Ligand code: NAP
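In UniProt numbering, the protein residues as written are 1 to 247.
The structure is reproduced here in structure tokens:
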């Protein structure tokens, strides 16, 4: 059975990926941090469409909780064969000259370390799976990694730059085993995350500046995640799909 764990599957891009992958026959482990109601809605949508899904609360920035998360998913569904490293945060917009070490370190512990630790645990599962050659990881990075996030969130952009390096390096470590690791780099996508940055309508503000003249949707990102996880992408590893409206 194909089992996908999606970190931050309760809202936004993770929720769209959960629904898309359930439609494709994956058993979907929906991780979330605190919004149980949103996670339950995603699960209900999947179950009512005839798919398989279960909820797994865990703060992925806590290593012990990640270890327990993977153990619990294994007990429920069997080994994780596919991982979407997606949970991420944004915080109040500011310039670099205002940033404290506390803020920068927080950003890295929320957006970088969990991707490493979740991948570490997923690899153990994938090696136990009898379909190792079909196992895959997708890391949700951001177009900010190459745009830089100037005047808004260079710390966030740098955390996503780290995810790009991580994706490339891990893909090379696992390539000989046939486990593929790729990334998606969304641009401005309509989700709740912009409110956390202090500007809920950010996507509308910048949409005219984008070559395609509009923000993107979570479903458009989920489609790329699903393709990279699928056997149709069997010769793609260490690569990225940019979903940034032309940026
Ligand atoms: P979102 O709508 O704010 O959703 C964030 C999700 O992550 C929620 O499910 C949240 O769980 C979960 N989460 C956050 N911290 C967590 C933690 N420590 N442990 C477990 N779950 C946690 O965000 P989004 O816009 O969909 O973003 C998803 C990913 O796409 C992020 O990595 C983000 O950086 C990236 N991205 C987004 C955009 C964009 O424009 N939206 C652009 C580029 C990249 P709760 O519901 O429980 O809070």
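By construction, the Cβ of each residue, glycine as well, lies at the ideal position given by its N, Cα and C atoms.
Since the model is a prediction, treat every value here as computed from it, not as a measurement.
- Taking a 10 Å sphere around the C-beta of residue 49, we find fewer than 16 other C-beta atoms and assign the residue as exposed.
- Taking C-beta atoms as the reference points, residue 9 and residue 44 fail to come closer than 9 Å.
- Around the beta carbon of residue 246, fewer than 16 other beta carbons lie within 10 angstroms, which makes this residue exposed.
- As for any alpha helix (DSSP H) of minimum length 4 sitting wholly inside the stretch 115 to 162, the runs are 144 to 147, ordered along the chain.
- Secondary structure in the stretch 152 to 213: the alpha helix (DSSP H) runs of 4 residues or longer, each lying completely within the stretch, are 154 to 174, 193 to 196, 202 to 206 in chain order.
- Taking C-beta separations shorter than 6 Å and ignoring five residues to either side along the sequence, the partners of residue 179 in its chain run 126, 135, following chain order.
- Bridge partners of residue 57 according to DSSP: 32.
- At least one heavy atom of the ligand NAP is found less than 8 Å from the C-beta of residue 34.
- Contact between residue 12 and residue 218 holds, with the beta-carbon distance rounding to 5 Å and staying under 8 Å.
- Going by C-alpha positions, residue 164 is about 13 Å away from residue 186.
- Taking non-hydrogen atoms of the ligand NAP into account, the C-beta of residue 223 is found less than 8 Å away from none of them.
- A Cβ-Cβ separation of about 7 Å places residue 147 in contact with residue 157 under the 8 Å criterion.
- Residue range 82 to 85 is occupied by the beta strand (DSSP E) that includes residue 85.
- Counting along the chain, residue 3 sits inside the beta strand (DSSP E) bounded by residues 3 to 6.
- In the DSSP assignment, residue 243 falls outside any alpha helix (DSSP H) and lies within the beta strand (DSSP E) extending over 240 to 243.
- When DSSP states are grouped into helix, strand and coil, residue 17 belongs to the helix group.
- By the neighbour-count definition (other C-beta atoms within 10 Å, threshold 16), residue 129 is a buried residue.
- Here residue 12 carries a helix assignment [DSSP, helix/strand/coil].
- One thing to note: residue 155 has its Cβ within 9 Å of the Cβ of residue 104.
- Per the DSSP secondary-structure output, residue 27 pairs in a beta bridge with 3, 52.
- For residue 153 and residue 5, the gap between their C-alpha atoms comes out near 28 Å.
- Within the model, the alpha-carbon separation for residue 46 versus residue 22 is close to 7 Å.
- Of all C-beta pairs linking the stretch 110 to 123 to the stretch 60 to 67, three or more are shorter than 8 Å, placing the two stretches in contact.
- For residue 161, the Cβ stays outside the 8 Å cut-off from all heavy atoms of the ligand NAP.
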